[in-house]
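Residue numbers (the numbering used here): 16 to 246.
This is the structure in structure tokens:
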């Protein structure tokens, strides 16, 4: 049964990595490889909900409950930094506070509150986001775990974001969607505490709800570091 669960996790991971979402982009946007090294991916906020939801549902239907699983609930706080890879190359410090519930040994779901601080020559604001997510653990050992995480939510910024630049005169919006995905690891520091770290891709846009002319969007790659505590 353990091998079956690991196989399902690998299938889900492969689906997440290679799935592409269609979105319209302003003429002149240049897209780059995602942080995991695969071909260029067109991101859409809805994919932060659809793919994790389908994957979690399939996993729950195809696997039995882990009756021996204990200490399912954990809380965590992490700090991350990411760097935009298209002009104006926005620097994005962030802090994420969340809860994570272990549904199975190889899958969990959670929700987090994020605070973002986008900074560049044209943008200086603060954003508050709420993001549900799912984690898939191809490796879940007693002392360390490796997981893939994907989720999408909504973000409200104190100012419209992104602001127009000398290369793009479009103005973003205060309400946006956000998609975040990446690879992380947990290493036990004690019986209930673990160090968490990894790499992520962050996407912020309004999904063209007001047209492509109001959706300059933001994309960045970066890393995070934090602590988790099992309750």
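Built from N, CA and C at the ideal position, the CB exists for glycine as well.
Predicted model, so just to flag it, every value in this text is computed and none were measured.
Status (buried if at least 16 other CB within 10 Å, exposed otherwise) for residue i
i           : result
residue 170 : buried
residue 85  : exposed
residue 72  : exposed
residue 117 : buried
residue 56  : Unreliable positioning characterises residue 56 in this predicted model, as indicated by a pLDDT of 45, which lies under 50. A coordinate reading is not provided.
residue 221 : buried
residue 211 : buried
residue 226 : exposed
Residue i and residue j closer than 8 Å at C-beta
i           : j           : result
residue 139 : residue 234 : no
residue 146 : residue 129 : yes
residue 246 : residue 88  : yes
residue 188 : residue 219 : no
residue 152 : residue 122 : yes
residue 96  : residue 197 : no
Straight-line gap, residue i to residue j (C-alpha atoms, nearest Å)
i           : j           : result
residue 77  : residue 93  : 32 Å
residue 216 : residue 74  : 24 Å
residue 104 : residue 232 : 12 Å
residue 133 : residue 82  : 44 Å
residue 298 : residue 213 : It is not possible to answer for residue 298, since the shown part of the chain is limited to 16 through 246.
residue 69  : residue 243 : 26 Å
residue 157 : residue 144 : 32 Å
residue 201 : residue 80  : 23 Å
residue 181 : residue 228 : 15 Å
residue 160 : residue 127 : 20 Å
residue 166 : residue 174 : 24 Å
residue 124 : residue 178 : 34 Å
residue 137 : residue 155 : 43 Å
residue 247 : residue 63  : Because the chain in this structure spans residues 16 to 246, residue 247 falls outside the shown range and cannot be described.
residue 205 : residue 141 : 34 Å
residue 176 : residue 239 : 23 Å
residue 135 : residue 98  : 10 Å
residue 34  : residue 209 : The predicted position of residue 34 is uncertain, since its pLDDT is 45 and thus under 50; no value can be drawn from it.
residue 230 : residue 185 : 7 Å
Strand pairing of residue i, partner residues [DSSP]
i          : result
residue 73 : Paired residues: none, contrary to the question.
Which ranges does the beta strand (DSSP E) cover as unbroken runs of at least 3 residues, wholly within the region 71–144, from first to last along the chain? 88–99, 106–119, 122–131
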